[in-house]
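To start, the structure under review is shown below, and the notes come after it.
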Amino acid sequence: MHDHDAAREVLADSKKRTDVFVVDNSLGDVYELVSELRQTYPRLLILMVDEEADFGMPGHADEVSVEPFKDDDLLKRIKRLTEERSLQTLRADALPPVRQFAKSLRRAGPGQSRQQAAVEAIKELGYDYVAFYSVMPTTPPELSMNAQVGPHAVTAIAPQKQDYQASLVGWVAQNGQSRIVGPDDEPNHPFVKQGRFGAGACVPVGTTLRFGVLLACREQPNAITEQNVLMLELVSAQLASAMAKQARS
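The opening residue of the sequence shown carries number 17 in our numbering; numbering runs sequentially from there.
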């Protein structure tokens with residue numbers, strides 16, 4: 017890719033998931049691009065290549081390589097970052113909020129009660145509004161809200177369905193990559209786009225089999241971080257596991 021727009025276009029493709037993004041510093045304005053991508057794709061691994069430098073400052077990137085092709089430096093850094101990400105997830109999985117949610121899932125009955133337990137657990141993490149949209153295996157797939165929690169003034173007017181092709185929920189359902197959005201981002205959710213909330217995060221529920229998507233919103237702009245999204249993904253993984261067990265039984 018030779019320009020920023022081409023990179024954005026590839027990452028925005030709902031049908032092709034990208035887990036690692038490598039960018040050459042010679043592209044120009046790379047730090048601005050990386051900062052933008054870090055906010056939009058919080059769980060994307062970003063590596064910068066800078067062969068002109070004696071040493072590298074990654075900025076918002078996860079890592080920098082100044083000799084990418086010497087002794088497979090770039091490949092080794094990608095492998096190490098991937099392993100560190102897995103360890104980070106394992107460590108966070110033992111945090112009290114995640115353990116508490118696992119207990120509440122076991123107490124909840126089958127079906128919608130588990131989804132409601134998930135949105136309520138996420139709200140306890142400091143969110144103002146949370147919703148779960150299930151993926152229905154129609155053609156095209158249908159996204160229907162099954163559970164939500166938040167102020168009555170918001171839940172009373174919440175959209176019950178989201179477009180599979182043209183919405184934030186649909187993008188995450190197709191791509192499987194988590195997203196953070198503000199009012200000006202596309203695709204989006206009506207509550208964030210219309211300014212009811214300043215920030216929203218969307219994470220998939222299920223990998224091989226996509227059960228749905230979780231949406232979590234906060235009133236303050238720029239109030240959702242990569243670490244926040246990691247916690248959302250851990251709750252999502254617990255919910256997906258419970259739903260998979262139910263589907264098998």
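Note that beta-carbon positions come from the ideal geometry of N, C-alpha and C, so glycine has one too.
Just confirm the distance between the C-beta atoms of residue i and residue j, as a whole number of angstroms; I'd bet it's less than 8 Å.
i: Leu97; j: Glu83; result: Incorrect: roughly 17 Å between the Cβ atoms, too far for contact.
i: Val151; j: Ser194; result: About 16 Å; that fails the 8 Å criterion.
i: Val36; j: Leu61; result: 5 Å
Could you say which of the options lies nearest to residue i if we only look at CA atoms?
i: Leu255; options: Pro206, Gly166, Arg130, Arg101; result: Arg130
i: Phe227; options: Leu246, Ser252, Met64; result: Ser252
i: Leu121; options: Ala133, Val151, Gln128; result: Ala133
i: Val39; options: His76, Ala239, Tyr143; result: His76
i: Pro58; options: Ala163, Leu248, Ala263; result: Leu248
i: Asp45; options: Gln164, Leu61, Ala23; result: Ala23
i: Glu68; options: Arg115, His168, Ser42; result: Ser42
i: Tyr180; options: Pro156, Lys261, Ala239; result: Pro156
i: Ile5; options: Ala189, Gln190, Leu184, Pro206; result: Coverage of the chain is limited to positions 17 through 265, which leaves residue 5 absent and any answer about it impossible.
i: Asn162; options: Ala147, Val26, His168; result: Ala147
i: Gln128; options: Arg115, Tyr149, Glu140, Asn191; result: Tyr149
Which partner residues of residue i appear in the DSSP bridge assignment?
i: Ile62; result: Phe37
i: Gly216; result: Val197, Cys233
i: Ser81; result: Val65
i: Gly228; result: Ser150, Val221
Reducing DSSP to helix, strand and coil, say where residue i ends up.
i: Pro112; result: helix
i: Gln15; result: Residue 15 falls outside the range modelled here, since the chain spans only 17 to 265, and no answer is possible.
i: Tyr145; result: strand
i: Tyr252; result: It is Ser, not Tyr, that sits at residue 252 in the sequence shown. In the structure shown, Ser252 sits in a helix (DSSP, three-state: H, G or I).
i: Leu159; result: strand
Return the chain-ordered list of same chain residues with a C-beta closer than 7 Å to the C-beta of residue i, the five sequence neighbours on each side being excluded.
i: Ala268; result: Because the chain here runs from 17 to 265, residue 268 falls outside it and cannot be looked at.
Below 6 Å CB to CB, which residues in the same chain sit around residue i once its five sequence neighbours on both sides are set aside?
i: Gly222; result: Ala256
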